[in-house]
Every structure is written in C-alpha cells, then in structure tokens.
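In my numbering, the protein residues as written are 214 to 335.
Just so you know, even glycine gets a beta-carbon here, dropped at the ideal spot from N, CA and C.
See below for the structure under consideration.
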Amino acid sequence: MKVVEAPVAVKSSFEQNFAGTTDAKWTKTSAGLWNVSFLKDNIKTVAQYNADGSWVATKSEYDAQNLPESVATTLKTKYPAATIKDGWKIERADVAAYYKVNIQNNGADKAVLLNDAGTITE
C-alpha cells in the first residue's frame, strides 16, 4: 500500500477523534477504506474510516509490558505459565472495546479476548 492523501472528510473526522496527532500516515485499502497509522500515547495505533469520514475501527498495538493492569492481571491468573506475545485493543462502532492478546501457553499459541475490565469474553 502506498501512502496517499486522504479526502478532506476523512482527515477532518480523524482530527476530531485524535486531536494533536502529528505523525499520521494514510493508506487506502482495496475495499476503499482509509487507514491512518500514528502513535497515541506512544502506542502504535491504526484508525480506519469510510470514504465519507465515518469512523469504522481503531486498533492499538500492545506488548506484554504496556497492557493495561486489569488485562495483564487476568492473564497471569488464568494462564500463570503463559508468555504474552502481543496484543491489540480493538475499538469498533458496533461492539464494546476489547483486547485480543496472543499468548503461548504450554507450547500452544492462543488468542484471548478480554474486555476493558479484564474479564475474559471468549
């Protein structure tokens, strides 16, 4: 995907949602959606918009060190021997925000879904 200039409506929505972002890089998907990559509180984040500027989703990338305490505590309790590989906070218009964390537990890779409070939702 090459870096492109997003339409005014899309950029305007992004600037309202994520004011003060300076390092935004835009790409357009084959489905016609606009993705913007940027750092939010030092977290690598991608927001997605329709061509009319309506927000679709936001994904924020986490590692084991910067997962929220509620999420990390639940994982340590339920999977004490597991290694946290990486995780994403996924926010979408149609569902409550959730975390998808990839762990390795007893040699097996597993994706665990948790809500903001750290409750496992899968």
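The DSSP-derived three-state label of residue 288 is helix. Straight through space, the alpha carbons of residue 329 and residue 276 are spaced by roughly 16 angstroms. Rounded to whole angstroms, the separation of the alpha carbons of residue 293 and residue 231 is 36 angstroms. Here DSSP, grouped into helix, strand and coil, assigns residue 230 to helix. When rounded, the separation of the alpha-carbon atoms in residue 219 and residue 299 is 29 angstroms.
For residue 240, the enclosing beta strand (DSSP E) stretches over residues 238–241. Straight across, the Cα-Cα distance linking residue 228 with residue 237 is about 10 angstroms. With respect to residue 264, residue 314 sits apart: the two C-beta atoms are not nearer than 8 angstroms.
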